[in-house]
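Student: Numbering (our numbering), first residue to last: 3 to 545.
The structure is given below, and queries will be raised subsequently.
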């Protein structure tokens, strides 16, 4: 048997396969999955196309691998779209080789099910698990709409932080421009097969430029349209692999191929048998439904109760979608000049405890304490006798004063304003400075008036405030990325955001930031947020 051009070492990390329809991307990945099955690896395939059940039969139609197919027309176990959480828990706790066929779900059902499934799977899984996403742009869209944002967040969590929980993420996509670039950026091995569209090739080129030279990227991109079916480029920078290869034949049923005119599909003689008793038990639905007796006897009350329950659930989901859309507009007002769609800001709040949504107000509404496992009273020290008169201040000036008292160190008035969510420049800020001075507060704000274990200023509150003020280009996204990830060069920021890093939109972004006190340029050509914001983030992250 010939050695496969993709080595076993590459199988143990994230892989992305980008190719147009009919180029052989699913065929290639079936061959890779066959190797995982031979190794008895745990794996789950999310299949919106009803093509992966073919693993249960060999190419000649005889029984193949004993994978469990959940959902779809070839199901071993039927799938209720409302059972995503239950299935996620089962997979996380089981030694499974499973295909989840979502091809018969409506879009809203697919999104709702997949979000619940992946969230529970991420929460509970700890052992090595290969997650293969067919048509990955369905699960990780570049421009999510409504509740798709929740689904993208779960995929992004697995892509960025799933390794420590056992995940290996494989993505298969025929529309590279439509898959989320943050998800794609985590890929260790990229397989590029035939791509004709200039937009698709440009999306693939961005990954190549981030992991190789411009000469290599240009050479590969120019050859993609001429590649034959089953032929592609393999790029695995950490393994030192960059080669053009023809991929070998698979052993299982190729039911993903479109039959040619006059050609008949291979008849399946028998499928591999699987034991699904435990899975059936785990997926017993708890959803109240209209009983057959109620329907037969015309029990109006029971029928109306079930209809009300369904209507309430549908309305709740719709309201969540509406709320998410409104929230996105607040968090990110930078609009794409071409697509005119809302860009998302995703922050891993579990890894950054200071970004937990704020709980109760402390001294003023503008500065709040992050929610914790247990509420804690804040004890104020007696005010110094040299203090000014805080009672006579306007709400905005009082917010600045409160922020100064809660800062992680002694600050000046400009830094206090930043911590209160204000831009410390212009006539408005100068007016507040005069107001503070007239009220008896000097040129330097007071020190920390709270006990040492008092609350930190909420980072998420500041991000939300500043997102409303940065409206040019992608300024909000750049600022949030610097705040969470730390100092970065402009090219690093562009790669992190999946942007080209050039053009009018990009230039407008940096023009807005360059004149803002929210960011600063370091000596090594890197950019970072203002010093006090960086200190706030590090102090809270150390808790």
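The beta-carbon is built from N, C-alpha and C at its ideal position, and this holds for glycine as well.
#1: Which residue from 222, 480, 536 puts its Cα closest to that of residue 420?
#2: I need the straight-line Cα distance from residue 9 to residue 149, nearest angstrom please.
#3: Taking DSSP as the reference, what is the three-state secondary structure of residue 136?
#4: The beta strand (DSSP E) that contains residue 192, what's its start and end?
#5: Report yes or no: do three or more beta-carbon pairs, one from the stretch 79-89 and one from the stretch 47-59, lie closer than 8 Å?
#6: Which runs of the alpha helix (DSSP H) at least 4 residues long sit entirely within the stretch 10-60? Give them in chain order.
#7: Can you pull the DSSP bridge partners for residue 215?
#8: Thinking C-alpha only, which one of 49, 522, 245, 36 is nearest residue 140?
#9: From the DSSP output, in three-state form, read off residue 485 for me.
#10: For residue 235, which of helix, strand or coil comes out of DSSP?
#11: Is it true that the CB of residue 219 sits closer than 8 Å to the CB of residue 229?
#12: Just confirm the distance between the C-beta atoms of residue 104 and residue 47, as a whole number of angstroms; I'd bet it's less than 8 Å.
#13: Alpha carbon to alpha carbon, what distance is there between residue 494 and residue 395?
#14: Can the beta-carbon of residue 117 be found less than 8 Å from the beta-carbon of residue 86?
#15: Using a 10 Å radius around the Cβ and a threshold of 16 neighbouring Cβ atoms, would you call residue 504 buried or exposed?
#16: Can you list, in chain order, the residues of its chain with a C-beta nearer than 6 Å to that of residue 191? Leave out the 5 residues immediately preceding and following it.
#17: Once you ignore the five residues that flank residue 365 on each side, which residues in its own chain have a CB closer than 7 Å to its CB?
#18: What does the Cβ neighbour count give for residue 488, buried or exposed, with the cut at 16 atoms within 10 Å?
#19: Considering only the alpha carbon of each residue, which of 400, 468, 132, 248 lies closest to residue 27?
#20: Under three-state DSSP, which class holds residue 247?
#21: Tell me which residue opens and which closes the alpha helix (DSSP H) that residue 163 is part of.
#22: Please report how far the alpha carbon of residue 436 lies from the alpha carbon of residue 426, in whole angstroms.
#23: Straight-line CA distance for residue 539 to residue 410?
#24: Leaving out five residues on either side along the sequence, give the residues of the same chain with a beta carbon under 6 Å from the beta carbon of residue 171.
#25: Considering only residues of the same chain and omitting the five flanking positions on each side of residue 95, which have a CB-CB separation below 8 Å?
#26: I'd like to know whether the C-beta atoms of residue 2 and residue 130 end up nearer to each other than 8 Å.
#27: For residue 64, count neighbouring C-beta atoms within 10 Å of its own C-beta (all shown protein chains included) and say buried if the count is 16 or more, exposed if not.
#28: Less than 8 Å separating the beta-carbons of residue 21 and residue 214?
#29: Find out if the Cβ-Cβ distance for the pair residue 519, residue 532 is shorter than 8 Å.
#30: Rounded to whole angstroms, what is the Cα-Cα separation between residue 113 and residue 202?
#31: From 135, 158, 136, pick the residue whose C-alpha is nearest to that of residue 146; which is it?
#32: Provide the residue span of the beta strand (DSSP E) that contains residue 100, from first to last.
#33: Using the Cα positions of residue 475 and residue 401, report the straight-line distance between them to the nearest angstrom.
#34: Residue 227 and residue 194: beta carbons closer than 8 Å?
#35: Could you tell me if residue 433 is buried or exposed, where buried requires 16 or more neighbouring beta carbons within 10 angstroms of its beta carbon?
#36: Within this structure, are the beta carbons of residue 142 and residue 174 separated by less than 8 Å?
Tutor: On the basis of the data shown:
#1: Of 222, 480, 536, the residue nearest in Cα terms is 536.
#2: 38 Å
#3: coil
#4: 191-194
#5: Flag = no, the stretch 79-89 and the stretch 47-59 do not touch.
#6: 10-13, 27-40
#7: In the DSSP output, where bridge partners are listed per residue, residue 215 has none listed.
#8: 49
#9: Under the three-state reduction of DSSP output, residue 485 falls in the helix class.
#10: strand
#11: no
#12: About 11 Å separates the two Cβ atoms, so there is no contact after all.
#13: C-alpha of residue 395 to C-alpha of residue 494: approximately 43 Å in a straight line.
#14: yes
#15: Result: exposed.
#16: Counting only Cβ-Cβ distances below 6 Å, and skipping sequence neighbours, we find 12, 17, 238.
#17: Residue placement at residue 365 is flagged as unreliable, the pLDDT there being 38, under the threshold of 50; the coordinate-derived value follows with that caveat. Listed in chain order, the non-local C-beta contacts of residue 365 below 7 Å within the same chain comprise 404, local neighbours out to five positions each way being set aside.
#18: With fewer than 16 other Cβ atoms from the protein chains shown falling within 10 Å of its own Cβ, residue 488 counts as exposed.
#19: 248
#20: Strand, per DSSP.
#21: 150-163
#22: 13 Å
#23: 10 Å
#24: 16, 133, 160, 161
#25: 126
#26: As shown, the chain starts at 3 and ends at 545. That puts residue 2 outside it, with no answer to give.
#27: It counts as exposed.
#28: Cβ distance not < 8 Å, so residue 21 and residue 214 don't count as in contact.
#29: Yes. Within cutoff.
#30: 24 Å
#31: 158
#32: 99-103
#33: 29 Å
#34: no
#35: exposed
#36: no
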